[in-house]
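One structure is given below, encoded as structure tokens.
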Amino acid sequence: MVLINDIFFDKVEVPGIFDDLINSAWVKRLGRIHQSGAIFLVNPNICHTRLEHSIGVMLLIRHLGGSELEQVAGLLHDISHTAFSHVGDYVFDNIEENYHEQVFEDILRSSDIPEILSWHGYDIDQVINGTFNILEQAIPKLCADRLDYTLRDSYHAGLVSRKEVKDFIKHLSVEDGIIVIEKEEKAEWINNLYKKLINDVFNLPLHIYANRKLTELIKFGLQRNELVHGDLLKDDTYLLNKIRSTTFGYEGVKAIKQQKGFDMFVKKGMGLKMKNRQLNALI
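For the sequence shown, our numbering assigns the number 2 to the initial residue and increments by one for each residue that follows.
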């Protein structure tokens, strides 16, 4: 057993399989990918990682009584995200923001994860082909993935306190395999928080600007063969350094940080197509 520390669940003792997975190359890579894409370039306070989210999903599934296998699936569900998270979707013009799902199986099978799972009595097909109702549900239902990013992203954006999140988690349970909320007021709270997260964080013009401008820099680099598609499967530090290795890229990243052209960007309508997101918590 090993201890994992999390801002919402504090110190949690988990089996060794999770230590092995978290220390694998592809999962460790998530610790070098910003959960909120390029937003940290204009808002340094929003700098949490895809690994923090993945561990949070795993721990939430554990808290709700999910099987060890579903906890494993929760930890691994975002393993195939590109550098800068959904910026990769914008680079590939993927409006559904699911590029990472399209390449999930190929990346998982080619990684060191299958071997690690076999050490602990699991097969990779159990993760790829399994049904995990606590982990994932279609929009707008509650699921561990949607709940964690709502709570975690909102916390890091300053929309809620750690105490509020921990109190909310106490009112979650599972019925017929679906996450439900035990109090109507808590259901209203999470539904309203989700809307606020979308409006005040995801769709904030400055944040859209950062993601759009970084997308443009990456597309330009790909067109000029200064970047290759494989660079997007590295991590944020690697990709950002490679972008900044050219004068155009260096000046482009600096311009994002200085918010150059932001007013004109807003006047022109921003131009970044965003996935339609909803949440409807059940009581």
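The beta-carbon is built from N, C-alpha and C at its ideal position, and this holds for glycine as well.
- GLY38 and GLU71 have their C-alpha atoms spaced approximately 26 Å apart.
- Per DSSP, the beta bridge partners of SER174 are VAL181.
- Annotation for LYS214: no beta strand (DSSP E) segment contains it, though the alpha helix (DSSP H) segment containing it runs 206-224.
- Taken in chain order, the whole alpha helix (DSSP H) runs of length 4 or more contained in the segment 65-128 are 69-77, 88-92, 100-103, 105-111 and 114-120.
- When rounded, the separation of the alpha-carbon atoms in TYR123 and TYR251 is 45 Å.
- Segment contact: the segment 99-106 against the segment 64-83, three or more CB-CB distances shorter than 8 Å; contact assigned.
- Excluding sequence positions up to five before and after LYS164, its CB lies less than 6 Å from no other CB in the same chain.
- A direct Cα-Cα distance of roughly 21 Å separates HIS208 from SER162.
- Cβ contact annotation for ASP20 (same chain, cutoff 7 Å, sequence separation greater than five): VAL3, in chain order.
- When the beta-carbon positions are compared, ALA145 and ILE180 come within less than 9 Å of each other.
- THR132 carries a coil assignment under DSSP once its states are collapsed to helix, strand and coil.
- Beta-bridge partners of ASN242 (DSSP): none assigned.
- With respect to the C-alpha of ASN46, the residue from MET271, LYS261, LEU241 and ASP154 having the closest C-alpha is ASP154.
- GLU14 sits in a strand when the DSSP states are folded into three classes.
- The shortest C-alpha to C-alpha distance from PHE9 to any of PHE249, ASN44 and ILE56 is the one to ILE56.
- For the 9 Å CB-CB criterion, THR238 and ARG51 do not form a contact.
- By the neighbour-count criterion, in which a residue is buried when 16 or more other Cβ atoms sit within 10 angstroms of its Cβ, ALA26 is exposed.
- Bounds of any alpha helix (DSSP H) do not take in VAL202, whose DSSP letter is neither H nor E.
- In the displayed model, VAL58 falls within a helix according to three-state DSSP.
- DSSP places LEU4 inside the beta strand (DSSP E), whose first and last residues are 3-7.
- Judged by pairs of C-beta atoms under 8 Å, the segment 168-183 touches the segment 60-68, as three or more such pairs exist.
- Classified as exposed, HIS230 has fewer than 16 neighbouring CB atoms from the shown chains inside 10 Å of its CB.
- Apart from sequence neighbours up to five positions away, the residues of its chain that approach GLU14 with a beta-carbon distance below 6 Å are MET2 and LEU4, ordered along the chain.
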